[in-house]
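Accompanying notes for the structure given below.
Below, the structure is given as structure tokens:
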């Protein structure tokens, strides 16, 4: 498992992590061919996959999620309700982008409003919770 606390995490091309990757206030970026055997989690910060794989879920509260073409998420994507003392950064919705050619096998579970951008050829599981504002992208 990788847990830098408040730092960002970047997995270079072909890097394999057998467990989960967790951070609080940092960005998580997976480059081409990177693979995480568990989940990716943060509270604040962008999560991005560029032709990478995640065996578990992607979970965030305030972070944007980008699942690029050629990426695969075997679990789902979960955007949690902010239950903390400080409800900052709630003036805008998290942006969840799933490009054409990306696959998210599990559910897209939203406990708060999100802006969902779906590529025409994206494969996703069922939507659960708060209905997102969905925009189609090529």
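Numbering (the working numbering), first residue to last: 47 to 184.
Every residue, glycine too, gets a C-beta built ideally from N, C-alpha and C.
Treat the numbers as computed from the prediction; the structure is a model and nothing was measured.
Cβ-Cβ distance between residue i and residue j below 7 Å
{"i": "residue 101", "j": "residue 120", "result": "yes"}
{"i": "residue 82", "j": "residue 63", "result": "yes"}
{"i": "residue 86", "j": "residue 74", "result": "yes"}
Any non-hydrogen atom of the ligand MG within 6 Å of residue i CB
{"i": "residue 128", "result": "Judged by which ligands are present, the structure shown has none, so any question about the ligand MG falls away."}
Residue i - containing beta strand (DSSP E), residue span
{"i": "residue 165", "result": "161-165"}
{"i": "residue 94", "result": "93-95"}
{"i": "residue 172", "result": "Run containing residue 172: none; DSSP gives neither H nor E here."}
{"i": "residue 55", "result": "55-57"}
Integer Cβ distance of residue i from residue j, believed to fall under 8 Å
{"i": "residue 93", "j": "residue 78", "result": "Not a contact, Cβ separation roughly 16 Å."}
{"i": "residue 61", "j": "residue 72", "result": "Going by Cβ atoms, the distance from residue 61 to residue 72 rounds to 17 Å, so no, they are not a contact pair."}
{"i": "residue 162", "j": "residue 176", "result": "No, residue 162 and residue 176 are not in contact; Cβ-Cβ is about 11 Å, not under 8 Å."}
{"i": "residue 118", "j": "residue 149", "result": "5 Å"}
{"i": "residue 145", "j": "residue 171", "result": "Incorrect: roughly 16 Å between the Cβ atoms, too far for contact."}
Exercise for the section: Run through the stretch 74-112 for me and flag every whole beta strand (DSSP E) of 3 or more residues, listed as ranges in chain order. Expected result: 74-76, 93-95, 104-106
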